[in-house]
Ligand SMILES: Cc1ncc(COP(=O)(O)O)c(C=O)c1O
Ligand SMILES: Cc1ncc(COP(=O)(O)O)c(C=O)c1O
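Chains as they are written, first to last, in the numbering used here: chain A, 1307 to 1661; chain B, 1307 to 1661.
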């Protein structure tokens, strides 16, 4: 994963937009840096990656991505420490995951050296966009789209792989109360819920809008078969603390294998918290709420790291969670952040230095 | 549904590409006419539709459609009769369906007058692209995509609605043998399988590639819960003839409510064929194949109208269907085509004249 940068074609932006950006007031995901990486797939091969000025894409109206949703993406962050060094958190996980998503969407895998060379080169060029200070980061969005012209429902033979970057402040997920899905579903057994594919997201918008009307911020999806087991939220895996035990459901066909999730599990286990990875019944939450065993629920994901859940709704009833002083959520979030910003020791070898 | 055309902004192409097109050798969905309709949604409203020269789209790399698959589409055809009149087949069905799809994908509904005015105006401009003669048609692809910039997984506030057109010859679906899905699935209960949304298509490509390696052309999806009931194929609803009875499964959450399907049902019933709309077990196909009751299977959809299925594969076994002389498939297909091309009487009021 050393950067070699031999092949990448670089076209620098004539001037930087950075002076126009208010880094103390950044809405998430809407300001982009000066450059982006683009790599085209055609004639059965990925062409030489390019780093070019950030700019619109020009595509045929019949490009497959518009009609058939053949597209995958990733989300990761770069952090700057007080010495000005730039770090990624487990980027190999994102690299392998986008290729796993691509395989399921009949898209070609992206070469490892292109990914890491492109990323390193781009991030070094955008170094000024990565601000030091806890909470500040550069959100990185690798994605690939089917670009071949032609409205026939079959796999594209042409693709674009891109990396775009957006400076971010600490993501305050806000007060999150979730609705537990009773009727709508996110993914089918034997489907592609495990993939970070475009087609998994827009379908959540309408049910989430309905939940918002009822005063919830997000939906916790349940299995489509019985709606008896909780699965994950829009862009977060879900943890439940029962007594001193931490529960999270197994990933599989339907559930994204989150990088934050697996890091939370490792950190919790390391400090002697018992972690049970098994299906979690909605009825357990209700019982746990009643008998006081249900202490915490939180979501895990790259954007917010850990997002405490304050309460949930189910079958017309609302359930508030207790307010914890020394919560697992806060403790593990701090540990994660300390590793990400090169403040704490990196026992697991998760940090990756950009250079 | 009269065309008023008061508002549409028209910019004509400087010259036509039509001379360069070989109308006797048209690969499906890859040649497009000289113009397209575009209508933008912003500030909470659809703006004035425009008809402009067919051209690429320019979108921000962070446009929602690339990342979250917020996109819907339709497929319909225009037919020219021997008097040079141009006909659509039940376009109101496509209009209502795209709005039903949009609602499920948290997209704004498109106004009826914009749809029909746009379509009529565009089709009159492209009149030379619609060739008379059975089998020739103009395939019409209305679609809408989320264009707002910003990589946050929430509904776009900006959209583009487009209509593009591609001349087509009789679509010969080829010899179709289908694999009955045993492991992969297309849609979840409580999901959006009923919508003609981009996210329903790319997920089928990989399982279909695997089926192709085994010598099948398409997959017949089964319910994700049990894989015991057949549902639909990639872009076709499925009919089964048992004895003299025609079976097709009910539509619902998971299955597209096909225009061809409902027309086949109406035509069959009109001529006294008993049509049973009920869940169809895979085991019934196996039994019917054994005892000779299974006479036909066919798919129905706009592209191929009716596509006979020659055989199917299930759990490693292959089953061939009998070769019928006077099949329901051939008979009903002919009746449908005769209505579409203004050859037969239009008892049901399905034809819509473009003028
Ligand atoms: C559906 C879904 N679940 C969970 C997550 C969390 O994954 P990660 O921790 O890798 O960001 C994401 C992505 O952020 C997601 O899109
Ligand atoms: C999933 C699916 N099923 C069935 C059909 C058939 O529908 P229609 O007869 O309206 O073309 C289509 C579209 O063509 C489709 O995309």
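All residues carry an ideal CB built from backbone N, CA and C; glycine is no exception.
Note that the structure is a prediction, hence the values are computed from the model and not measured.
Does DSSP classify residue i as helix, strand or coil?
i	result
residue 1519/B	helix
residue 1608/B	coil
residue 1445/B	strand
residue 1397/B	helix
residue 1413/A	coil
residue 1418/A	helix
residue 1562/B	coil
residue 1575/B	helix
residue 1342/B	strand
residue 1636/A	helix
residue 1506/B	helix
residue 1617/B	strand
residue 1602/B	strand
residue 1360/A	coil
residue 1430/A	helix
residue 1483/A	strand
residue 1641/B	helix
residue 1648/A	coil
residue 1526/B	strand
residue 1581/A	strand
residue 1330/A	coil
residue 1511/B	helix
residue 1656/B	coil
residue 1477/B	coil
residue 1404/B	helix
residue 1324/B	helix
residue 1538/B	strand
residue 1500/A	coil
Label residue i either buried or exposed according to how many other C-beta atoms from any shown protein chain fall within 10 Å of its C-beta, with 16 as the threshold for buried.
i	result
residue 1443/A	buried
residue 1605/B	buried
residue 1577/B	exposed
residue 1588/B	buried
residue 1328/B	exposed
residue 1333/A	exposed
residue 1427/A	buried
residue 1321/A	exposed
residue 1483/A	buried
residue 1654/B	exposed
residue 1518/B	exposed
So residue i and residue j are supposed to be a Cβ contact under 8 Å. How far apart are they, rounded?
i	j	result
residue 1438/B	residue 1386/B	4 Å
residue 1636/A	residue 1608/A	Not really, about 18 Å apart at Cβ, beyond 8 Å.
residue 1657/A	residue 1602/A	The Cβ separation is near 27 Å, so there is no contact.
residue 1445/B	residue 1474/B	4 Å
residue 1447/A	residue 1490/A	The Cβ separation is near 26 Å, so there is no contact.
residue 1492/A	residue 1527/A	4 Å
residue 1505/B	residue 1619/B	Going by Cβ atoms, the distance from residue 1505/B to residue 1619/B rounds to 27 Å, so no, they are not a contact pair.
residue 1502/A	residue 1344/A	Not confirmed; about 19 Å, so no contact.
Tell me which same chain residues have a C-beta within less than 7 Å of the C-beta of residue i, skipping the five on either side of it?
i	result
residue 1639/A	1611 and 1612
residue 1315/B	1354 and 1356
residue 1463/B	1454
residue 1628/B	1601
residue 1630/A	1601 and 1602
residue 1575/B	1581
residue 1359/B	1317, 1319, 1340 and 1341
residue 1308/B	Per-residue confidence for residue 1308/B stands at a pLDDT of 42, beneath the threshold of 50, marking its modelled position as unreliable; the derived number appears in the next sentence. Excluding positions up to five away in sequence, the list is empty.
residue 1323/A	1340
Could you name the residues of the same chain whose beta carbon sits closer than 8 Å to that of residue i, not counting the 5 residues immediately before and after it, in chain order?
i	result
residue 1579/A	1550, 1551, 1552 and 1634
Which residues in the same chain have their Cβ closer than 6 Å to the Cβ of residue i, if we skip the five residues on either side of it in sequence?
i	result
residue 1371/A	1377, 1451 and 1452
residue 1301/A	Missing from the structure shown is residue 1301/A; chain A here goes from 1307 to 1661 and no further.
residue 1399/B	1565
residue 1348/A	1464
residue 1494/A	1530
Determine which residues of the region 1366-1377 of chain B have a Cβ less than 7 Å from any Cβ of chain A, and write them out in chain order. 1366, 1367, 1368, 1371, 1372, 1373, 1374, 1375, 1376 and 1377
Please list the residues of the region 1529-1551 of chain B that have a C-beta atom closer than 7 Å to any C-beta atom in chain A, keeping them in chain order. 1530, 1531, 1540 and 1541
When Cβ atoms are compared, which residues of the region 1435-1466 of chain B fall closer than 8 Å to chain A? 1445, 1447, 1449, 1451, 1452, 1455, 1456, 1457, 1458, 1459, 1460 and 1461
Relative to chain A, which residues along the region 1479-1500 of chain B have a C-beta separation below 7 Å, given in chain order? 1489, 1490, 1491, 1493, 1494, 1495, 1496, 1497 and 1498
Closer than 9 Å, Cβ to any Cβ of chain B: which residues of the region 1501-1519 of chain A, in chain order? 1501, 1503, 1504, 1505, 1506, 1507, 1508, 1509, 1510, 1511, 1512, 1513, 1514 and 1515
Scan the region 1384-1418 of chain A for residues whose Cβ lies nearer than 8 Å to a Cβ of chain B and list them as they occur along the chain. 1409, 1410, 1411 and 1412
At a Cβ cut of 7 Å, what residues of the region 1327-1345 of chain B count as close to chain A, listed as they run along the chain? 1334, 1335, 1336, 1338 and 1342
Residues of the region 1347-1365 of chain B in Cβ contact with chain A at a cutoff of 9 Å, in chain order, please. 1360, 1361, 1362, 1363, 1364 and 1365
If the cut-off is 7 Å on Cβ atoms, which residues from the region 1606-1640 of chain A count as contacting chain B, listed in chain order? none
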